[in-house]
Amino acid sequence: MTMLDTLFGLIPAASRGQQWLAEDLQLVNWGGYDGAHRVRFSPGATLLCGGSGSGKSTLMDAYIALMMPHTTPFNGASNGGVTGRPRGEDQRNILSYARGKLDESRTEEGTRMRVLRGDGTDTWTAVAMTWVDHDGSHFSAVRAWYVPAAARVLEETVRVRASAEGPVDLAALDGAAAHRFSDASLRAAGLDPLATDREFSARLHAVLGIGAAGAGSKAMSLLARIQAGQQITTVDDLYKRLVLEEPETLASADAVVAHFDELEGTRQRMLTARQQVAALEPLRGLRLRIAASAERVRLIDALGDLDAPGSPAAVWRAEKRLGLLRDVEAELRERTRFVDAVLREKHALAGAAESERDALAEVLRASGGDRLETAQRELREVQRRLETVRDSRVRLDEDLRALGEETTREAFEGVLARASDAAGAAEAKRDARATYSEAMTQRTAAARELAELEAEERAASQHHDSIPRPLHEAREVIARAAGLSAEDLPYVGELVEVRSEFEPWREAFSLALGGFATTLLLDVAHLGRFRTAIDAVRLPVRLRYEGVQTGLEEVRGLDSSTLPGRLDYRSTPFTGWLQDRLEDRFGFVCVDHADELGRHHLALTLSGQLSQGQRGAHGGHGAASVLGFSNARRLRELSALVETARARSTAATAASRVAEEALDAIEDRLTRFARITRVSWDQVDVDSLVAEQERWTAVLGEVAEANPELARLQEQIAELRERTERLRQEIARASVERERIEAEWAVVVDDVDASQATLDAAERAGRELHDDERAFLDARFTLTEAAASGSASDVLVRFDAALASAAQRLEEDRRSAAQAHEQQRESVGRIMAGFLDRWPNPNLIVDPEASAGDFERLLDALETSGLHRLESEWRDSLLTLSGNDLTSFDSTLGRSLREIRERIEPINVIMQDLPFYDDGHRLQITTRENQSEVRRRFRRELREVRAQIQAVATEEEREQVYRRMSRLIQRLRRTAPDFGDLVDVRNHVRVSAERVDALTRAHVALYDHIGEKSGGESQELIAFIVGAALRYQLGDAGADRPRYAPVFLDEALIKADAHFTARAIGAWRGLGFQLVIGAPNDKYSAIEPHVEVEYDILKDTRGRSWARPKVGLAD
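Next comes the structure, spelled out in structure tokens:
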């Protein structure tokens, strides 16, 4: 199609001076319009009037269904309160129109829709419009839908889009409907089917000349908004909602955000890759350590035991020891030569010293040395005896002092005489021992009594009764055996308490009840099982028990003159039975005097004497009472007994200590007597031996004075004797060393043979020690440099000592390696599990052996791709690209603002030739920019961020500008709270209208708030502004009339009087438009004079609508 470039853009060449007028609208099965219907339109204005719900909007919606995209909602005049998707199930839609929906009703199966047609059967519907040009040319457009009975959504229908060069008759489509609107059937009906909505719209826009430069969708969108007739209160709102489309800034912001999100997503993938690499990198080291640990375990297993013949470890030890043994042999050989030389030297020196000593001894004897030698010998003997006697004298002095005697011969003999009296001493010892034994017996008995009483006191404090501890313990044993609790086995004494006013009778009541007070009661229902359970139980005390009937009613107000009436009872299941038993067998009358006993069959005195007819009993006083379900009295009694027992125990302890000291004193005296009797006075006579020592000392002096040379000779002989002895000792030591060396050499020879045999056996068997095995053992057991220094024997000893724990150390090494292997496997498993927890991958499993290669390949792939290392390069690209996006967005903001102002100019040009208000005035649209500090800061930040992006130099600056840019882009998201104020440039300007003088263009009046004007003024104002805008959108602003003339107004022009309605319709007509107006019955009177054709829209009781011409066109 040929287009011409005009002031208002590219428009079809065929549109000059031409105009397409709507000739008629045809419906088949559309809503309430059942069957075929045709509505013919006036070239000027047509009025559709009718009551609410009669079908006016249904006709209007037919036009929308034919011409508008599927996003345009139906029934725009009344859909303001309806929510949901346009033409969705919550609104009027094609399916509801096709079936003629009447209403909905509730049934047992749920909500059911009542329809005119298509209830369980297929149906079809169609809408068509025919336009006529000034030269009589016709063009028709058709939309039709074949609706199967099961269709629930539009996609399940057969949709038809078709056109025709000339008029059409929709009723003729009935035959095509029988073929489900196949293309062949449509062509047979004279239609040209089109495949898509886009092709259909393009065909209509091209033929009818709708929109400049192919912008027909904008013109149709404006026509839809005009038809909807939405409530508008300001000129600004009118212009922005009806004239302006969504600005380019919104799409530009979306593009900026989308681009940033795309790059940010790449960044997140990079960060994820970096985290994955960091998470997986330890796997390599762990795998190496796992392999090393496994190799260590294998190596140790292969080495075997050092003591196992033929094992690699044994071969290694034989090699090492053989070398050390050779060194020891050489060392022993050298030591043997040295010791032999020493022995020869010492033997020669000893022989020479003996010869010299014998010669000097002969000289000494010839010079009178025999007397001197005798004196010396005797003096040595006296000195020896004197030391022994002095020791005995010290012990004797100590014993005599202990016995109170002095150390004289007379005192000694007196003590011996007294010590000979054995019979008296034995009797005294027996008496002391008997006294000590009696004291210890009393001490033990007192301590035992105190311990028992203290235990009884502790036990009593844990029970709220007066039952002795042994009975409690016995009950616990049989209760456990029978599977019962202590509460199931009460003693009679636990269930009763002497009333406080009868406390003096406690002992009498205890004596009267006797053993019955310590009888166990149990439910008779448990008796058989109880007897069986306790039969094998052994008890230190004998227990009596009785099976009783539980749950009997308790008796109140017993006779207080009898024993049962003077007791309080604890409320238990056993209490009722116990009261009956006491009344029956222990109903003793309490009397004050014994002479009253005979007056009653059963009677009891305060002293405890009782009578039972001719029988009676008395005595047993002093026993502890077991009556009471409170332990206070029992604790007081026990406390007093404990204090008494503690005093007796203290006294007994002191008496036993005194007896013990007396027995020790007698035993000490007798022991000293016994020692003295074993000594004679000669054995302790120090004085006589001192005198003998002085006599021999004098003899030595006399001999020395007679021959001075004898002393020198004696000294020389003594010195030679000592030298000879010393040399013989040295010879002995050297001989021992020689023997030790020989013995050690024999052992070494045996060890050499054993080591060599091990090596020979290994060589014959072909067992070689591998280098890694030798290196491991060398590193593990080779001595340090300090330990390897010293003699060869010491080194061998240290080596053997090191190997003594070799088996344990090897086992520890193996265990350590195995543990390390397992720990490293667990670490690998944890890394794998942690990785899959953060980044699930169905192709990977947590298996340190089977999946290790998969994880390493993944790591290799991550490192090969280098994603985790590209963040810096990526950030540079992100900043550059996003900076360009921000620059483009900033330019779009300015350009869109200019476009809003530029859009107004052609509209004002159109309106400057149209009289407004009267012939002397015109209407013009003006704009005023809304100043906003938030927007100014936003634009300023845009520019600053762009400048920062260009100036960034360091990594820190790059990170700062990235974060700032990220915050800025967050404000460009549609979900941002200030998105509309910052991005939608329609909010940056305020649009108003003003009335100006037609000649001078001087300002006369301002039109801003439409709601402040009357209905007529508002309609006129809207007609001028929207009509002019529509002319501009249709692309015919410079033509005498628009190429596409039809404008549908649903419930418009209904608030104005005749004058302003005439002006509004005149405005539309003056702009060259053909009007189709829908109005309710009670609001069309002001419109009626200004239309050429009028239809009444009617509906019958069955819900069927039709259009009846009230003022029709001539045929």
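By the count of the numbering used here, the sequence shown reaches residue 1117 at its end, each step adding exactly one.
We put the beta carbon where it would ideally sit given N, CA and C, even for glycine.
Query	Result
Cutting at 8 Å between CB atoms, please list the residues of its own chain near D594, excluding the five before and the five after it.	T607, L608
Please look up how many angstroms separate the CB atoms of V500 and F511, rounded, as I've assumed it's under 8 Å.	6 Å
Determine whether the beta carbon atoms of A1047 and F1075 lie at a separation below 8 Å.	yes
With respect to 7 Å, is the separation between the Cβ of R997 and the closest non-hydrogen atom of the ligand FMN below this value?	The model on display carries no ligand, and the ligand FMN is accordingly not part of it.
Looking at T534: is its Cβ nearer than 8 Å to the Cβ of G495?	no
Report yes if the C-beta distance between L345 and A736 is below 8 Å; otherwise report no.	yes
Between which two residues does the beta strand (DSSP E) harbouring D983 extend?	Segment 981 to 985 is the alpha helix (DSSP H) holding D983; no beta strand (DSSP E) there.
For T85, is the classification buried or exposed, using 16 other Cβ atoms within 10 angstroms of its Cβ as the cut-off for buried?	At T85, the pLDDT of 43 sits below 50, so the modelled position is not reliable and the matter cannot be decided from this model.
Assess, as a yes-or-no matter, whether the region 904 to 918 is touched by the region 249 to 261 under the definition of 3 or more beta carbon pairs within less than 8 Å.	no
By how many angstroms is the C-alpha of A720 removed from the C-alpha of A354?	15 Å
If you reduce the DSSP assignment to three classes, tell me which class F590 lands in.	coil
What does a CB cutoff of less than 6 Å around F837 pick up in its chain, not counting 5 residues either side in sequence?	A281
Using DSSP with H/G/I as helix, E/B as strand and the rest coil, what is L6?	With a pLDDT of only 40 at L6, under 50, the local geometry of the prediction cannot be trusted, and the value read off the model is given with reservation. Strand.
Are W1 and V1049 close, meaning C-beta to C-beta below 8 Å?	This structure does not reach residue 1, given that the chain is present from 3 up to 1117, and the question cannot be answered.
State the DSSP-derived secondary structure class of W579, mapped to helix, strand or coil.	helix
Alpha carbons only, please: which of L175, T123, A332, L1051 is nearest the one belonging to P150?	T123
Would you report the Cα separation of G1105 and G57, rounded to the nearest angstrom?	10 Å
Report the rounded CA-to-CA distance for T236 versus S994, giving the unit in angstroms.	8 Å
In this structure, does DSSP put D1098 in helix, strand or coil?	strand
Can at least three beta-carbon pairs, one atom from the region 134 to 149 and one from the region 164 to 182, be found at a separation below 8 Å?	yes
Which whole-angstrom value is the C-beta distance of L290 and I743, which I expect to be below 8 Å?	Contact flag wrong, Cβ pair sits at about 53 Å.
Roughly how many angstroms lie between the CA atoms of A457 and A820, to the nearest whole one?	58 Å
Report the rounded CA-to-CA distance for A1088 versus A47, giving the unit in angstroms.	13 Å
Would you say Y1009 and L1032 are within 8 Å of each other, going by their C-beta atoms?	no
Taking the C-alpha atoms as reference points, what is the distance between L301 and D762?	23 Å
Reducing DSSP to helix, strand and coil, say where N95 ends up.	coil
Residues bridged to P195 by DSSP?	A164
Compute the distance between the beta-carbons of F76 and R101, then report whether it is under 8 Å.	no
Need the endpoints of the beta strand (DSSP E) that K1112 sits in, please.	1107 to 1113
Looking only at its chain, what residues have a beta carbon closer than 7 Å to the beta carbon of L925, apart from the 5 residues adjacent to it on each side?	M913, F918, A995, R997, F1026
Can you tell me whether DSSP reads T894 as helix, strand or coil?	helix
Less than 8 Å separating the beta-carbons of L846 and E283?	no
When you compare each of Y1097, L888, A1116, K1101 to C51 by their alpha carbons, which one comes out closest?	Y1097
Using only the alpha-carbon positions, how far apart do R811 and A293 sit?	21 Å
Just to confirm, are D983 and R930 a CB contact at a threshold of 8 Å?	no
How close, in whole Å, do the beta carbons of A2 and D194 come, if the pair is a contact with beta carbons under 8 Å?	Outside the displayed range of the chain (3 to 1117) lies residue 2, so it cannot be described from this structure.
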